[in-house]
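I have placed the structure first, in the form of structure tokens, so that the comments after it can refer back to it.
Residue numbers (the working numbering): 81 to 251.
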């Protein structure tokens, strides 16, 4: 039996013994059982149902509202409800957009979560190596320039000196 075809939940005659009622929960029989209602219970139920007012249809008055047209006051109310609804929809859309933007900022890209630590360390070591290599070349250029200037100054001092000139001539 399909779920849609099953009877509503309630007390029904017990399929195993017709003397009692058994509770059907809408999907299957439960273990709850009870005796059938007495005549007094049935009369009480019928009197309660008679006390309930049935729904009565009230026909529209001849001078009332015609279909498709609303009284002027009703049209104003409808317009106010539309404006209020539109403003509430706009507010809700703005709140939703703000929350979506905030969530998008907070989301960490998956690649950063799953990148291997080894790759991070290799990348860091490569950056450090490049920085050290650049520093070494800068130091070599500065050191060699100052070394050659120092040697040049020494050679100039040797030739400018009287004793240095004599040494060079005697050779």
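All C-beta atoms in this analysis are idealised placements derived from N, C-alpha and C, irrespective of residue type, glycine included.
Beta-carbon proximity check, residue i vs residue j, cutoff 9 Å
i: residue 113; j: residue 102; result: yes
i: residue 109; j: residue 95; result: yes
i: residue 100; j: residue 120; result: no
i: residue 86; j: residue 106; result: yes
Proximity to residue i [Cα-Cα], best of the options
i: residue 111; options: 167, 90, 180 and 231; result: 90
Burial state of residue i, where buried means 16 or more other Cβ atoms lie within 10 Å
i: residue 104; result: buried
Quick check for students: name the residue ranges of the alpha helix (DSSP H) that lie wholly in the segment 172–230, counting only runs of 4 or more.
Fully enclosed alpha helix (DSSP H) runs of 4 or longer: 190–194.
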